[in-house]
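Engineer: The following block contains the structure, expressed as structure tokens.
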Amino acid sequence: MTFADAVTRGFRNAFTFKGRARRPEYWWFFLFVFAGAFVIGLLEMLLLGRGSGTLVALFQLVIFLPFLAVGWRRLQDTGRPGWWLLVPSGIVVVSTLVSGSLTRAMMAGGMGNMMNGEPMGPGAMMGVGASATTVVALGVAQLLAGLVIIWWMSRPSQRGANTYGPEPRVR
0 MTFADAVTRG FRNAFTFKGR ARRPEYWWFF LFVFAGAFVI GLLEMLLLGR
50 GSGTLVALFQ LVIFLPFLAV GWRRLQDTGR PGWWLLVPSG IVVVSTLVSG
100 SLTRAMMAGG MGNMMNGEPM GPGAMMGVGA SATTVVALGV AQLLAGLVII
150 WWMSRPSQRG ANTYGPEPRV R
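Using numbering that gives the first Met the number 0, the letters of the sequence shown map in sequence onto residues 0 to 170.
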């Protein structure tokens with residue numbers, strides 16, 4: 000499969016979460032997404048004199064569903080359910096919620112009053128410490144989940160038919 004074939008197939012199957020995608024299809028499409036964001040960001044910086052990231056964000060919004068679909072099918076090609084791709088994203092959501100509670104704990108515990116030279120209470124310190132530990136643990140979990148996903152994406156296709164369909168033909 001060539002680069003152009005992978006990009007064409009990625010867009011043609013943008014809403015297809017059934018079936019399987021071989022390694023070249025996924026990794027060529029990955030390269031397209033990475034290079035596209037890089038080039039668009041570079042052009043935005045050169046043409047506008049600053050990198051606001053608006054065009055890159057728009058590109059990523061357009062490419063999100065096709066990229067998710069090809070990744071989903073790639074995991075299924077290795078015999079794993081595609082929903083595993085959502086685990087790192089779920090960790091980001093939980094981490095965001097926890098960091099919001101960390102901010103609330105700091106403000107409620109008197110962090111805002113520390114600017115006036117007043118000490119923070121012991122209860123607030125415990126809340127901040129527990130929340131910070133949770134945020135760090137979630138960051139490590141997200142890193143590990145991402146590494147596992149990359150490892151799975153790099154694995155060979157499962158031979159023969161599997162739960163997700165027949166083995167894609169090699170061309």
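For each residue, glycine too, the CB sits at the ideal point set by N, CA and C.
With respect to the alpha helix (DSSP H) encompassing Tyr25, which residues constitute its N-terminal and C-terminal limits?
Structural biologist: Locating residue 25 in the sequence shown gives position 26, where the first residue counts as 1. Per DSSP, Tyr25 belongs to the alpha helix (DSSP H) from 22 to 47.
Engineer: I want to know whether the segment 133 to 148 touches the segment 79 to 92 - three or more CB-CB distances under 8 Å.
Structural biologist: Yes: at least three Cβ pairs fall under 8 Å.
Engineer: Compare the C-alpha of Arg19 against each of Thr1, Ala68, Val86 and name the closest.
Structural biologist: Translated into positions along the sequence shown, residue 19 becomes position 20. Here the closest residue by C-alpha is Ala68.
Engineer: Counting C-beta neighbours from all protein chains within 10 Å, is the total for Phe66 16 or more, i.e. buried, or is it exposed?
Structural biologist: Reading the sequence shown from its first residue, position 67 is the one you call residue 66. So Phe66 counts as buried.
Engineer: Would you identify the three-state DSSP class for Arg170, choosing helix, strand or coil?
Structural biologist: In the sequence shown, residue 170 corresponds to position 171, counting from 1. Bear in mind that a pLDDT of 49 at Arg170, under 50, signals an unreliable position, so the number given afterwards is only what the model happens to contain. Here Arg170 sits in coil by DSSP.
Engineer: Could you tell me the alpha carbon to alpha carbon distance between Arg170 and Ala36, rounded to whole angstroms?
Structural biologist: Here the question's residue 170 lines up with position 171 in the sequence shown. Here the question's residue 36 lines up with position 37 in the sequence shown. Confidence at Arg170 is low in this model, with a pLDDT of 49, below 50, so its placement is unreliable and no value can be given for it.
Engineer: Using the Cα positions of Gly164 and Lys17, report the straight-line distance between them to the nearest angstrom.
Structural biologist: Numbered from its first residue, the sequence shown carries residue 164 at position 165. Numbered from its first residue, the sequence shown carries residue 17 at position 18. Approximately 8 Å between the Cα atoms of the pair.
Engineer: Is there contact between the segment 47 to 67 and the segment 2 to 18, where contact requires at least three CB pairs shorter than 8 Å?
Structural biologist: The segment 47 to 67, when compared against the segment 2 to 18, does touch it at the 8 Å Cβ threshold.
Engineer: Between which residues of its own chain and Ala144 is the CB-CB distance below 8 Å, once the five residues before and five after are set aside?
Structural biologist: On the sequence shown, position 145 is the one that residue 144 refers to. The answer, listed in chain order, is Val86, Pro87, Ile90.
Engineer: At which residues does the alpha helix (DSSP H) containing Trp82 begin and terminate?
Structural biologist: To locate residue 82, count along the sequence shown from 1; it is residue 83. It is not in any alpha helix (DSSP H) - Trp82 carries neither H nor E in the DSSP assignment.
Engineer: Decide if the segment 37 to 47 is in contact with the segment 19 to 29; the criterion is three or more beta carbon pairs, one per stretch, under 8 Å apart.
Structural biologist: Contact between the segment 37 to 47 and the segment 19 to 29 is absent, because fewer than three Cβ pairs lie under 8 Å.
Engineer: Give the straight-line distance between the Cα atoms of Gln75 and Val32, rounded to the nearest whole angstrom.
Structural biologist: Within the sequence shown, the letter at position 76 stands for residue 75. Within the sequence shown, the letter at position 33 stands for residue 32. Their Cα atoms are separated by approximately 21 Å.
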